Amino acid sequence: MNNMKIFKYIFLAAIITVSCDDLLEIEPKGEIIADDALQTPQDMQELLNSAYDALRGDGGDFFGGRVQSISEVMSDNIDGSQTNLNNADFRAYYNKTSTFFTGYTQGMFDEPHYVIYRANVLLKNLDLIEGLSEAEQARIGGEAKFLRAICYFELVRLFAQPYGFTPENTHLGVVLRIEPSAEAKNRNTVAEVYEQIVSDLSDAANSLPTSNGVYADAWAAKAYLAKVHFFMHDYETAFNIASDVLNNGPHAFNPDAEEFQARYSPESTNEAIFKMVSNPNDHRGTQLSTHFRSDGDNPPTLRISRDMYEMATADANDLRGQKWYRIDNEGAENEAIFITKYDSVNYFDVPLMHVTELKLIRAEAGLELNTSASINTAVDDINDIRTRAGLAPVSSGVGQASLLNTVREEKRKELVTEGQRFHDLRRRGAAGESDLRIRNSSWDCPGMAIQFPDTEIAGAGGTDVFTPNTEGGC
Amino acid sequence: MELMKHKLLLFFMVLSISTSVVCAQQQTISGKVTDAGDGLSLPGVNIIESGTNNGTVTDVDGNYSLKVASDATLIFSYVGYTTIEVPVNGRSVINIPMEADVTQLAEVVVVGYGVQTKREVTGSIAKVEGEALTEIAVPSFEAALQGKAAGVQVIQGSGTAGSGSMIRVRGIASLSAGGDPLYVVDGIPITQDYFLNDNRGAFNNNPLATINPNDIESVEILKDASAAAIYGSRGANGVILITTKRGKTGKPKFEFSTRLGISKPAREVDLLSSEEWLQLRQEAWENDGNVGLADLPGGITWEQARQTDTDWIDLVTQTGFKQEYNLSMTQGNEKLSSYVGVSYSNNESFLEGNSYERFSGRVNLDYNIMDNLKASLTTSLSQGINNRVSGAWDGGLGAAMSDALPIYPVRNADGTYFTAGNNPVRKQELVDWRTRENRSISTLALTYEPIEKLNLNVSGSLDYMDLQDDQFEPAEWTNTENIAKQYPTWVTNYTMSATASYDYSLGDNNKFTFLVGGEYQRSLTEKWNKIEAFGVSGPLYEDPSIPDRGLDGEGKPLSNPVYETAPDQIWSFISYFGRINYAYKDKLFLKGSARVDGSSRFGQNNRYGFFPSAGLGYVISEEDFFPKSSLVNFLKLKASWGITGNADIPNYQRWGTFQRREGNDGNPYNQEPIIFPVRLENPDLQWEVQRTYDFGFELGLFDDRVVAEVAYFDKNSTDVLIDRLVQVSAGFQRYFENIAEINNRGFEVGLKTRNLTGAFTWTTDINASHLENEVIDIGATPPDAIAGSGDTRVVEGMPVGVNFLNRFSRVDPENGLPIFLDKEGNETYEFNLEDRVPVGSVVPDWTGGITNSFTYKNFDLSVLFTFTIGGNIYDDSGKRQLGVVSDWNMRREIVDRWREPGDVAQFPRLTMEPSTYGGLASFWNLNTTQFLYDGTYGRIRNVTLGYNLPSELVSKLRLRSARVYFNGTNLVTFTKYPGADPEIVRDHNGRQGRNLSPNVTYLTAPQEKAFMLGINVGF
């Protein structure tokens, strides 16, 4: 028995030697413990860069093409015939019947919220980091607010009825978070969301430098500010800020038709006021290529509607009609119309705001303002764009209504597949064209606001906490 | 460095023990103990002088010597043999032949950290002999456990080569944490991650596929807490102990076995031909109010479509050829006993291009360094090469059952591949894909007996896995350039343990066995998320110049190939455990055990868990008051209680972390480094806690002609982990929290009857288990927050993984529209996702198996019938194969559809417009009870007909034994399920899907029907 005791002791001693807590204290490899992660200005810069990184979304789920494709599908630019749109959930968007199960919404919804969360973490830590100069604080803070604003702007336009749908914009928008938090929340009103967007972009315009490499600068913030005001029907502010950017900023209108290829190219365009930069290993516009590229590995998911094609090619001289479309088996049962805007390149920079768009915004805002100066500017803008496309200029003499019609047509043709058309139509509906219809559906029918994913609704604790959109009904 | 430290520690522990010396015994009586059957010597037989503590054990040759009083009586006991008492009567040499104990209660059962006889076992342990695993044709040994053990549900994944199985021991008690049992091979908890290759190709890697079933001596399944609690925080889902063969005393004996066979799908789905499909398409087109000919997908004209009728299923399947060769040797002498086995097998499945090739070798040695010091080496080395094919949603047979339409040709008129629609043949022919696994599981153990009955054991084990998934996509496939991809993973898992056991007798009637021990296990997983090389001429495994690390000479990331990093995964467990077994007069058995587990996965506030258990076994038939009759010759009552845990959660979940990426690593924005938040901190994270009661009895009737085992169990799991959904607008993802409570209760029956004895023998072995599974509590979590593949959910008061579907009522005979039921059960034309309710259950009511075995002269026949009663199958592909007419082929059942007013039909009017069906948003949403089927099925799982060559012929051939046999697997299936196969484990992308969605199929390949011819020779 004594022997046994001795050995027991030896064993216990041996085991206890092994049993220190250290052996269980295994920190994740390749990850950084939260407390240690944000220590230096460089850490902050890298966190900021990760917010830019998430803009594209995983595999292009957000600005990498998904968000543009969804809004195009909901507009009148896409062919919705039976053989098309069989892929994934585009059919549901096309029919304005997205549900909380519509899978394409999920990734598209997650990614901007990563951007927003990262921006919020940045803003919270801004004055806690040793060695971060005031100038750097201003720049990083400005970029964070810029990124937060453009994400909320995209989200609120897709997941809610447009600005102006209710007189005070008290209808529900999206959940607004300006601090990092996991708290379950219901949606803020559209007014609140727009107020935050305007505040963020104004702060960014004030605190960002006028030049900031490939990242957002003060001009980018201003250009977006013009666009946001335009969507708030505040044409004067939109017109003035757009003019500031176009007249004083470094990005000039390119009058050469080469722009039609340059906009989506590896070399990019100087017209890009804010863009996502790509390189051979890292294509930022992956889903633009997947869904639209007509000469890629696989046929594109989306084709162009006959209606759009006819408008683009109505004038045989229109270079955009010539350069951007291909029609297979015309007139036959298997006719297919493709956009070639994204063809023949494996990667390209993705401009999210460019001079052409801003000019179109200024022109339409100028026409809505309807002063002689603003109309003249508008006509100049329209004619810059028409001339480049090989079309005859228009004169101010045709009157405001005709000019508005022209600028809207030009915008549709210029920005086809860039995800603008759907929002423009709803904006006009909310601005007074109450009879406006989008492919036979009223601009404000319930399905026009796409449904939140189940992870937003269930994650909040269900419909007791979170008010989803009304489904269907278009 | 860490590893080095532990190795040194191990070394010193061994050294400190082995330097002690112990005195030898004196001698007056000596002799040899042999097996009365074959005359071979028996080592390790216990010899005790009756009424004393004086005793010894026979050596490797069966010799013993013991000093005893001249009037003493010696008791010889040995597991598996009948104990005998021999008076000395003044003799100095006593040779004893011992009779093997044929009653199964003498059967030796492996329990954690030791062995027991079945009689002594107080818990619920099912044992399956190794032979039962080798004759059936299955992709991996664990599938052969199906129908063999009560309470153990085995669902084989599919007939795909190398496919794994899902094993559920007494139900499912986990949601987001792993629900699979713990696999322990020769004492080592092995690497058993099914998601090392994610679900690439719609296939989960099977970490058990490299294990050679021919090396397995036995498999024990620890079912209740009393048995499994010795594995503490990892025992809650049961423990599967795999014991490999060791050397047997005697001259070298060789076994050679080989078998050859073929493989076919067990069942196939019936899809439409080109003409039939076109007709449907046209009908839908016209129903939708269109005129003229319907649009066709893939840019195909009607003329082309009519000229084509491609049978894609035929093109992607084949008759697979299977072959297997095994050679093993066993020997044992005074110093050394050894088992050596080598094996080669190549199993082609019925899928074109799909096979699993395995090379394996095993050397198990036991060496007696001194009389009381033994070294044991257990080592295996194996390689599995899986020639892969895409399945389900990724192509292959899945494409053939879905969007590879019969109107699509394989090749265009000009000879090029057709690419305007899914063409699985093109993918199969162009893309090269294989997964190679190298695996070694090895243990070195030292057993030292410093004094009698005290056994000290130290062991160090290494389970090393090198898994490499390789794809090569030629330019013709990618349309750009050749691209080779590799997904390599290396798992190094080592375990060190030390145990001490001591047998103590108090008088004749009281026997104690004490066990204490400690164990440390640490596992490291290293991997590249992906290595991608552009413009190469072949797969990366053929190109040794591919550098191991993605850096050039200057330490800069390479641009080609591109290396995508993945962080190392490390986890560790430190455990202490103890067990006391007490036996009173060989009829009352008590057991108590406890284990303390600490794990790197647990949060700061819950570092160590305590897992106690207690068990009682009472052979009441031994009591004097028990009526002696041949009706009931044996009755043992059992009861047990215990706490076990489940710690199978991803690593690092307790930490709040950020991650950094730079360079080519994931291509961060503008090629500048990024850092981003990953997860919230959770210092309270802990294991799941399971409390189990188990009551049962074992019964022998008519002198064991009928042997029955019945057990009732109640397992209550609390702190069940949920991978909690955060409202996604918060900007970060899920996190693990101990929230839920789940109860599993049920009973198991095992019945073995010897119906006929004599020249013609017939035995029947029946096992069946009934399970009730209920989710008691999931906190304030709405159903859609915990989802499994194919619309399974977790709902309070329902079983885990209820099908959460819209209810389909009927087709309106007037207009052909589908009528659904709303939440309240009223009929409605509207399809509304809010009307989804918990309907079916993927947990069956009963599972089991019946084996009938017959022998006559040299022939033997064994037939295994397995069954599943109750529960549901959800066919997640049904909504496309039988729903809205789209670019999918459809199943023949669609024939029964509404065509004109008055038709009473199973399926509604055809349409190509989802909104026709009550405003359906997308054909993906048509998840209704129409595709929920009764999961009941029965199957003739295995038939083996064998013939043992007559001994005269055998000895003429200078052999020991020779046997030929025919085997058929999955021969006949009885089911009402109209889909591919009622036995399904689809591919999953994580543990939660695997837990919630067995019996949910999404284009999953059917099981395999195999016919094998085999020869076994001993010499």
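If you read the protein sequences in the order shown, they are chains R and V. Numbering-wise, my numbering puts 283 at position 282 of the first sequence, and it's gapless, one number per residue. Numbering-wise, my numbering puts 882 at position 785 of the second sequence, and it's gapless, one number per residue. C-beta atoms are modelled at their ideal positions from N, C-alpha and C, and glycine is treated no differently. Every value quoted in this text rests on a predicted model; they were computed, and no experiment measured them.
(message) Tell me the DSSP secondary structure of residue 415 of chain V in three-state form.
(response) coil
(message) When you compare the CB of residue 190 of chain R with every CB in chain V, is at least one pair closer than 7 Å?
(response) no
(request) To the nearest angstrom, report how far apart residue 195 of chain R and residue 179 of chain R are at their CA atoms. (result) 13 Å
(request) Could you tell me whether the segment 140-153 of chain V touches the segment 173-188 of chain V, using the rule of 3 or more Cβ pairs below 8 Å? (result) yes
(message) Mapping the DSSP letters down to three states, classify residue 36 of chain R as helix, strand or coil.
(response) helix
(message) If I measure Cβ to Cβ from residue 1020 of chain V and keep anything under 7 Å in the same chain, skipping five residues before and after, which residues do I get?
(response) 976, 977, 980, 981, 983, 1011
(message) Any contact between the segment 238-257 of chain R and the segment 214-225 of chain R? By contact I mean 3 or more CB pairs, one from each, below 8 Å.
(response) yes
(message) So, with DSSP's three-state summary, where would you put residue 638 of chain V?
(response) helix
(message) One question on the structure: do residue 741 of chain V and residue 708 of chain V come within less than 7 Å of each other, judged by their Cβ atoms?
(response) yes
(message) Comparing C-alpha positions only, which one of V/789, V/655, V/406 sits nearest to residue 266 of chain V?
(response) V/789
(message) Could you check whether the Cβ of residue 824 of chain V sits closer than 7 Å to any Cβ belonging to chain R?
(response) yes
(request) For residue 583 of chain V, return the contacting residues in chain R, with the cut-off set at a CB-CB distance below 9 Å. (result) Simply none; closest approach about 17 Å.
(message) The alpha helix (DSSP H) that contains residue 339 of chain R, what's its start and end?
(response) That residue, residue 339 of chain R, is in no alpha helix (DSSP H); its beta strand (DSSP E) goes 337-340.
(request) Give the DSSP-derived three-state secondary structure of residue 393 of chain R in the structure shown. (result) coil
(request) Verify whether the separation of the beta carbon atoms of residue 1096 of chain V and residue 1081 of chain V is less than 7 Å. (result) yes
(message) Please classify residue 888 of chain V as buried or exposed, where buried requires at least 16 neighbouring CB atoms within 10 angstroms.
(response) buried
(message) With three or more C-beta pairs closer than 8 Å as the rule, is the segment 426-444 of chain V touching the segment 333-350 of chain V?
(response) yes
(message) At the 7 Å Cβ level, is residue 605 of chain V part of the contact set with chain R, yes or no?
(response) no
(message) Quick check on residue 257 of chain R: buried or exposed, where buried means 16 or more other Cβ atoms within 10 Å of its Cβ?
(response) exposed
(request) Select from R/63, R/322, R/48, R/438 the residue whose C-alpha is nearest the C-alpha of residue 341 of chain R. (result) R/322
(message) Please return the same chain residues whose Cβ sits closer than 6 Å to the Cβ of residue 128 of chain V, not counting the five positions on each side in sequence.
(response) 190, 191, 192
(message) Suppose the cutoff is 6 Å on Cβ atoms and the five residues either side in sequence are ignored; what does the same chain contact list for residue 583 of chain V look like?
(response) 567, 628, 637
(request) Using beta-carbon positions only, say whether residue 278 of chain V and residue 371 of chain V come within less than 7 Å of one another. (result) no
(request) Put residue 448 of chain V into one of helix, strand or coil per three-state DSSP. (result) strand
(request) Scan the segment 33-59 of chain R for residues whose Cβ lies nearer than 7 Å to a Cβ of chain A and list them as they occur along the chain. (result) In summary, chain A is missing from the structure at hand, where the protein chains are R and V.
(request) In angstroms with no decimal places, state the Cα-to-Cα distance between residue 120 of chain V and residue 533 of chain V. (result) Only weak support is given to the placement of residue 120 of chain V: the predicted model assigns it a pLDDT of 32, under 50, and the question is left unresolved by the model.
(request) Decide yes or no for the touch test of the segment 189-208 of chain R against the segment 167-176 of chain R: beta carbon pairs closer than 8 Å, at least 3 of them. (result) yes
(request) With DSSP as the reference, label residue 1114 of chain V as helix, strand or coil. (result) strand
(request) Tell me the start and end of each unbroken alpha helix (DSSP H) in the segment 343-370 of chain R that is at least 4 residues and wholly inside, in chain order. (result) 356-370
(request) Using the Cα positions of residue 430 of chain V and residue 163 of chain V, report the straight-line distance between them to the nearest angstrom. (result) 21 Å
(request) For residue 488 of chain V, count neighbouring C-beta atoms within 10 Å of its own C-beta (all shown protein chains included) and say buried if the count is 16 or more, exposed if not. (result) buried
(message) Going by DSSP in three states, residue 1074 of chain V sits in which element: helix, strand or coil?
(response) coil
(request) Identify every run of the alpha helix (DSSP H) within the segment 1032-1107 of chain V, keeping only runs that are complete inside it and at least 4 residues long; order them along the chain. (result) 1048-1053, 1088-1093
(request) Scan the segment 771-787 of chain V for residues whose Cβ lies nearer than 9 Å to a Cβ of chain R and list them as they occur along the chain. (result) 771, 772, 773, 774, 775, 776, 777, 778
(request) Could you please give me the residues that DSSP links to residue 876 of chain V through a beta bridge? (result) According to DSSP, residue 876 of chain V bridges with nothing at all.
(request) Determine the contact status of residue 244 of chain V and residue 851 of chain V, defining contact as a CB-CB distance below 7 Å. (result) no
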